[in-house]
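**Q** Take this structure first; my questions come after.
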Amino acid sequence: MPKQSNSRDTVFFCTECGYESKKWLGQCPACHSWNSFSEEPVVKTGSKASQKASGKVRSQRKPVPLKDIDSYTEERLDTGFPEFSRVLGGGIVPGSLVLIAGDPGIGKSTLLLQAAIRLAEGGRKVLYISGEESLSQIKLRADRIGFRDGDLGFLSETDLGTILELLRQEKPEVCIIDSIQTMYSEDVSSAAGSVTQVRECAQHMMMLAKEENIAIFLVGHVTKEGTVAGPRVLEHIVDTVLYFESGQNGAFRLLRSAKNRFGSTNEIGVFEMRSNGLSEVLDPSELMLSDRPEHASGAVVTCLLEGTRPILAEVQGLVCETAFGMARRQASGIDYNRLNLLLAVMEKRAGLALSRCDAYVNVAGGMHVSEPSADLAVVVAIISSYKNIPVPDDTLVFGEVGLSGEIRAVRQVEERIREAKKLGFRRVILPRHNAAKCRQEEGIELIGVRYISELFRLLG
Ligand code: TYD
Ligand code: MG
Numbered sequence: 003m004p005k006q007s008n009s010r011d012t013v014f015f016c017t018e019c020g021y022e023s024k025k026w027l028g029q030c031p032a033c034h035s036w037n038s039f040s041e042e043p044v045v046k047t048g049s050k051a052s053q054k055a056s057g058k059v060r061s062q063r064k065p066v067p068l069k070d071i072d073s074y075t076e077e078r079l080d081t082g083f084p085e086f087s088r089v090l091g092g093g094i095v096p097g098s099l100v101l102i103a104g105d106p107g108i109g110k111s112t113l114l115l116q117a118a119i120r121l122a123e124g125g126r127k128v129l130y131i132s133g134e135e136s137l138s139q140i141k142l143r144a145d146r147i148g149f150r151d152g153d154l155g156f157l158s159e160t161d162l163g164t165i166l167e168l169l170r171q172e173k174p175e176v177c178i179i180d181s182i183q184t185m186y187s188e189d190v191s192s193a194a195g196s197v198t199q200v201r202e203c204a205q206h207m208m209m210l211a212k213e214e215n216i217a218i219f220l221v222g223h224v225t226k227e228g229t230v231a232g233p234r235v236l237e238h239i240v241d242t243v244l245y246f247e248s249g250q251n252g253a254f255r256l257l258r259s260a261k262n263r264f265g266s267t268n269e270i271g272v273f274e275m276r277s278n279g280l281s282e283v284l285d286p287s288e289l290m291l292s293d294r295p296e297h298a299s300g301a302v303v304t305c306l307l308e309g310t311r312p313i314l315a316e317v318q319g320l321v322c323e324t325a326f327g328m329a330r331r332q333a334s335g336i337d338y339n340r341l342n343l344l345l346a347v348m349e350k351r352a353g354l355a356l357s358r359c360d361a362y363v364n365v366a367g368g369m370h371v372s373e374p375s376a377d378l379a380v381v382v383a384i385i386s387s388y389k390n391i392p393v394p395d396d397t398l399v400f401g402e403v404g405l406s407g408e409i410r411a412v413r414q415v416e417e418r419i420r421e422a423k424k425l426g427f428r429r430v431i432l433p434r435h436n437a438a439k440c441r442q443e444e445g446i447e448l449i450g451v452r453y454i455s456e457l458f459r460l461l462g
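Convert by adding 2 to the 1-based position in the sequence shown; the result is the number in the working numbering.
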């Protein structure tokens, strides 16, 4: 019989992803990170303190028939930032719990303080609770941003019990918790920022948000792998998860929705950090295409769709004969494996001897492209560089490329064409199927293509 230890009272968590295990493990089976397990006490649910925190002891409940449930009619609150509101799905839903995650220094506190100020100026009652900064530090930041008048309260506090009590008394419409990793519940004996603490705090916040109809924003830090620090579980608890990240060259900031119970995901908002806080970039395509080279081979513009929003981006390719036996490939802004696949398709279906060439692909402007509609742009950029023929500056391309070298249809073509037209493009090379279904618009020529081999004729 193995010796009974006190292992019943503790449990091990992966500090990277929140995976729970009864014994210590060297490598996490869920996220494969090494040496990430830490021992934490088991939280006894139903303890007096946690009942107190939830406000009341629940009475017996009965199911409600669907027809008797009131429709959701409450209006959404406007953050004052059209970009931010759109990413949230059209404004803040009262009683929702939103997690904003991002690297340190990316501007999470600034974004939320600016939103808090604008909400308060618009007549909403807002409470900003910071566990990271003192009140005078927040004041310093608010002075940079500028604040006129409104019901905006601040508190520097980390104790969960005190915060919950205060929120019940004050009943603000919106509350900001900066950050969830600094919050501390007395019910749990592990340190602030540990998996159990973060989970416990978030669960209480969720209950409070629903009971008191307070919209709560939680700030969360991310790990080096880019997930929310510690608990992936946090992502399951909250209604909405937004990631605030920088573009590759750090020129602007992207707010991206990864989960949204009240709107579509994949929406992005684009911001720029200025000396007086964040400002919105309402026309990101223009920003992406600034400083574009003229008449250069190996560069072509494509139109990506981020959520419902078309954004133009320049894809650059460089092909040169390899100096060593092994061809080098490098992809920045697109998936490396996708690049290799497209190179193989071009070799086999278009007869380019690319296995003897180094190939580099870059998406200028710092966008990271995950949409397959950018395939055609990669192919055109590579062909243009290989043949040393510039793509005309007024030409835009998009389409998915399949393994037989066929060009496949993509979604929301009309939005993409409209965006291209707005920025002065006159020619669009697109999948033939899309071109056939699309209305011919004045001032823009649509060229449908079926196979990548047809591209030579168009470029040459
Ligand atoms: P911050 O909001 O503190 O980041 P986070 O909460 O995500 O850690 O933002 C930080 C950076 O932004 C900081 O390096 C300073 C800079 N900043 C400006 O450039 N202009 C400003 O008006 C403000 C408030 C901050
Ligand atoms: Mg901060």
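For glycine and all other residues, C-beta sits at the position ideal for the given N, C-alpha and C.
1. Three-state secondary structure (DSSP) at Glu-167?
2. Which value, in whole angstroms, describes the spacing of the CA atoms of Tyr-362 and Glu-443?
3. Identify which residue in Lys-212, Ile-391, Leu-356 has its Cα closest to the Cα of Glu-300.
4. Which one or two residues does DSSP pair with Phe-14 in a beta bridge?
5. Given a threshold of 16 other Cβ atoms within 10 Å of its Cβ, counted over all protein chains shown, does Cys-203 qualify as buried or as exposed?
6. Taking C-alpha atoms, which residue in Tyr-338, Met-208, Tyr-388 lies nearest to Gly-319?
7. Does ligand 2 have a heavy atom nearer than 8 Å to the CB of Ser-158?
8. Starting from the Cα of Asp-241, find the closest Cα among Ser-248, Gln-205, Met-275 and give me that residue.
9. What would DSSP say about Met-3, mapped onto helix, strand or coil?
10. Here's a check: name, in chain order, each residue in its chain whose Cβ is nearer than 7 Å to the Cβ of Ser-98, leaving out the five neighbours to either side.
11. Going residue by residue through the segment 387-459, where are the continuous alpha helix (DSSP H) segments of at least 4 residues, counting only ones entirely within it?
12. Using only the heavy atoms of ligand 1, determine whether one of them is closer than 8 Å to the beta carbon of Gly-133.
13. Using only alpha-carbon positions, find the residue among Leu-154, Glu-188, Thr-81 that is nearest to Thr-160.
14. Quick check: the Cα distance between Leu-306 and Ser-277, rounded to an integer number of angstroms?
15. My assumption, with CB atoms under 8 Å, is that Val-302 sits in contact with Ser-375. Please give the rounded CB distance.
16. So, Leu-398 versus Leu-314, is the Cβ gap smaller than 9 Å?
17. Three or more beta-carbon pairs under 8 Å between the segment 115-124 and the segment 292-299, yes or no?
18. Excluding five sequence neighbours on each side, which residues of the same chain lie with their C-beta closer than 7 Å to the C-beta of Gly-104?
19. Quick one: complete beta strand (DSSP E) runs, 3+ long, within the segment 334-390?
20. In terms of residues, what are the limits of the alpha helix (DSSP H) holding Cys-203?
21. Determine which residues share a DSSP beta bridge with Ala-103 and list them.
22. Give me the Cα-Cα distance between Ser-472 and Ile-270, rounded to the nearest whole angstrom.
23. Label Cys-16 either buried or exposed according to how many other C-beta atoms from any shown protein chain fall within 10 Å of its C-beta, with 16 as the threshold for buried.
24. When you compare only the Cα positions, how much space is there between Glu-456 and Ile-446?
25. Is any heavy atom of ligand 2 found at a distance shorter than 8 Å from the C-beta of Val-1?
26. Who are the near neighbours of Thr-12 in its chain, counting only those whose CB is closer than 8 Å to its CB and skipping five residues on each side?
27. With a CB to CB cut of under 6 Å and the five nearest residues on each side skipped, what residues in its chain are close to Leu-220?
28. Verify whether the separation of the beta carbon atoms of Arg-340 and Asp-360 is less than 9 Å.
29. Take Gly-335 and list the residues in its own chain whose beta-carbon comes closer than 7 Å to its own, dropping the five residues that flank it on each side.
30. Measure the C-alpha to C-alpha separation of Val-66 and Glu-18 and round it to an integer number of angstroms.
31. Select from Phe-427, Ile-108, Gly-92, Ser-87 the residue whose C-alpha is nearest the C-alpha of Ala-117.
32. Once the 5 residues before and after Val-274 are set aside, which same chain residues still bring their CB inside 6 Å of it?
33. Leaving out five residues before and five after Ser-357 in sequence, what residues of the same chain have Cβ atoms less than 7 Å from its Cβ?
34. Let me check you understand the geometry: is the CB of Phe-246 closer than 8 Å to at least one non-hydrogen atom of ligand 1?
35. Any heavy atom of ligand 2 closer than 8 Å to the CB of Lys-110?
36. Buried or exposed: which applies to Ile-71, given that a residue is buried once 16 or more other Cβ atoms fall within 10 Å of its Cβ?
**A** Reading from the atomic positions:
1. helix
2. Straight across, the Cα-Cα distance linking Tyr-362 with Glu-443 is about 35 Å.
3. For the record, residue 300 in the displayed sequence is Gly; it is not Glu. Among Lys-212, Ile-391, Leu-356, the Cα nearest to that of Gly-300 belongs to Ile-391.
4. According to DSSP, Phe-14 shares a beta bridge with Ser-23, Glu-41.
5. buried
6. Tyr-388
7. no
8. That would be Gln-205, whose Cα lies nearest to the Cα of Asp-241.
9. Confidence is the limiting factor: at Met-3 the pLDDT is only 40, short of 50, which leaves the residue's position unreliable, though a coordinate-based value still follows. Met-3: coil per DSSP, three-state reduction.
10. Ala-211, Ala-217, Asp-241, Thr-242, Phe-264
11. 415-424, 434-439
12. no
13. Glu-188
14. 30 Å
15. At roughly 13 Å, the Cβ-Cβ gap does not stay under 8 Å, so Val-302 and Ser-375 are not in contact.
16. yes
17. no
18. Excluding residues within five positions, the ones whose Cβ falls inside 7 Å are Lys-110, Val-224, Tyr-245, Phe-246, Glu-247.
19. You should have 359-365.
20. 197-214
21. Gly-222, Tyr-245
22. The shown model of the chain, from 3 to 462, leaves out residue 472, and the question about it has no answer.
23. buried
24. 20 Å
25. Nothing can be reported for residue 1: it is not among the residues displayed for the chain, which extend from 3 to 462.
26. Glu-41, Glu-42, Pro-43, Val-44
27. Leu-101, Ile-179, Ile-182
28. Inclusion of Arg-340 and Asp-360 in the CB contact set at 9 Å is not warranted, their separation being larger than that value.
29. Gln-250, Asn-364, Val-365, Met-369, His-370, Val-371
30. 39 Å
31. Taking only the C-alpha atoms, the option nearest Ala-117 is Ser-87.
32. Inspection of the sequence shows that residue 274 is occupied by Glu rather than by Val. So the list reads Phe-254, Ser-281, Val-283, once near-sequence residues are dropped.
33. Closer than 7 Å at the Cβ level, and outside the excluded window around Ser-357, lie Ala-329, Glu-349.
34. yes
35. yes
36. When all chains shown are included, Ile-71 counts as exposed.
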